[in-house]
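Engineer: What follows is a single structure, and I will ask about it in a moment.
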Amino acid sequence: MIAFLKTSYRRARKFLRKAKPADGAESLRARFTGVYRSAAWGSSESLSGPGSERNSGSVRQALVALSQIVEKYEIRSVADIPCGDFNWMPEFLEKHPSVAYAGYDIVGGLISQNRKSNPAFNFHVLDITEQVPPRADLIFSKDLVNHLMDKDVWKALANMVRSGATYVMITSNSVSTPNEDLPRNVGGMSRLLNLRTEPFSLPTPVYEDGYLAMWRTEDLVSVLDHKP
Ligand SMILES: C[S@@+](CC[C@H](N)C(=O)[O-])C[C@H]1O[C@@H](n2cnc3c(N)ncnc32)[C@H](O)[C@@H]1O
Numbered sequence: 001m002i003a004f005l006k007t008s009y010r011r012a013r014k015f016l017r018k019a020k021p022a023d024g025a026e027s028l029r030a031r032f033t034g035v036y037r038s039a040a041w042g043s044s045e046s047l048s049g050p051g052s053e054r055n056s057g058s059v060r061q062a063l064v065a066l067s068q069i070v071e072k073y074e075i076r077s078v079a080d081i082p083c084g085d086f087n088w089m090p091e092f093l094e095k096h097p098s099v100a101y102a103g104y105d106i107v108g109g110l111i112s113q114n115r116k117s118n119p120a121f122n123f124h125v126l127d128i129t130e131q132v133p134p135r136a137d138l139i140f141s142k143d144l145v146n147h148l149m150d151k152d153v154w155k156a157l158a159n160m161v162r163s164g165a166t167y168v169m170i171t172s173n174s175v176s177t178p179n180e181d182l183p184r185n186v187g188g189m190s191r192l193l194n195l196r197t198e199p200f201s202l203p204t205p206v207y208e209d210g211y212l213a214m215w216r217t218e219d220l221v222s223v224l225d226h227k228p
């Protein structure tokens, strides 16, 4: 009996080893759950990393961008994809209490934690590369595409457009160096990504500050034609 169990155990381990992709790639959910559990982005203030700390340059710039566009474009609802640990967004929502907010993230643990700490707001588990989110006037997507491989950036853009949102504001770094794909889908790795240049070559946005850019989704329907 013991010999039989030992053989079954060895066979199961062999099967699981084979099932793991050869390049060490992980599923997106496993990857970002691992980042969350190990606090791999190394900030003592935010599980979403130094770029989500309230006084970081990224957050200050995001708050300026959001406050500039919210009235000008009559934004009444925001889908924050990804919301991460919701560390800094309350500062925007306190100043704009009439904006209906919903936060989405691929990591279930983050969503449970956000629901407990912020019961006044809605949070949902969602993988933007696989699911179409409910409609909002604006999809706000800070510091997501930099962490995704190009094939997943295309899928995320397509689902944002499919949602029927009027606008999408997405991190797009105004760098002149050519975009490079992430080598693998592992850990917290990222790279600068300019959505205005190849292979994405998105059209002229209605707002751009070198870090975040905003498009009318009707100007992005061509991303739906992209075939992997
Ligand atoms: C660097 S954090 C940024 C969080 C937030 N936007 C901020 O600025 O504080 C990146 C987040 O993207 C989430 N994420 C990664 N892939 C995702 C996907 N496919 N769908 C939804 N969320 C995803 C991760 O779980 C993580 O919380």
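Here the sequence shown stands for residues 1 to 228, numbered as in my numbering.
C-beta: ideal position from N, C-alpha, C; glycine also.
No experiment lies behind these values; they were computed from the predicted model shown.
1) If I follow the unbroken alpha helix (DSSP H) through residue 81, where does it start and stop?
2) Can you check whether the CB of residue 219 is closer than 9 angstroms to the CB of residue 140?
3) Based on Cα-Cα distance, which residue from 189, 115, 226, 185 lies nearest to residue 198?
4) Following a CB-centred definition, is residue 151 positioned closer than 8 angstroms to any heavy atom of ligand 1?
5) Could you check if residue 55 is buried or exposed, using at least 16 other CB atoms within 10 Å of its CB as the buried criterion?
6) When the Cα of residue 173 is compared with those of 162, 95, 98, 210, which residue comes out closest?
7) If I measure Cβ to Cβ from residue 137 and keep anything under 6 angstroms in the same chain, skipping five residues before and after, which residues do I get?
8) Pull up the CB-CB distance for residue 175 and residue 157, whole angstroms please, since I reckon it's below 8 angstroms.
9) For residue 130, collect the residues of the same chain with a Cβ closer than 8 angstroms to its Cβ; drop the 5 residues on either side in sequence, then sort them by chain order.
10) Tell me whether residue 213 is buried or exposed, calling it buried when 16 or more other Cβ atoms sit within 10 Å of its Cβ.
11) Using only the heavy atoms of ligand 1, determine whether one of them is closer than 8 angstroms to the beta carbon of residue 41.
12) Could you check which residue in 181, 115, 215 has the C-alpha nearest to that of residue 104?
Structural biologist: Quick look at the numbers:
1) Per DSSP, residue 81 lies in no alpha helix (DSSP H) and is assigned neither H nor E.
2) No. Outside cutoff.
3) When each option's Cα is compared against that of residue 198, the closest is 226.
4) Answer for residue 151: no, Cβ out of range of ligand 1.
5) When all chains shown are included, residue 55 counts as exposed.
6) Nearest Cα to residue 173 within the set 162, 95, 98, 210: 210.
7) Excluding sequence neighbours, residue 137 sits near 75, 76, 77, 166.
8) Going by Cβ atoms, the distance from residue 175 to residue 157 rounds to 19 angstroms, so no, they are not a contact pair.
9) Only 155, 159 meet the Cβ criterion.
10) Counting Cβ neighbours within 10 Å, residue 213 comes out buried, since at least 16 surround it.
11) Yes - ligand 1 has a heavy atom lying nearer than 8 angstroms to the Cβ of residue 41.
12) Nearest option by C-alpha distance: 115.
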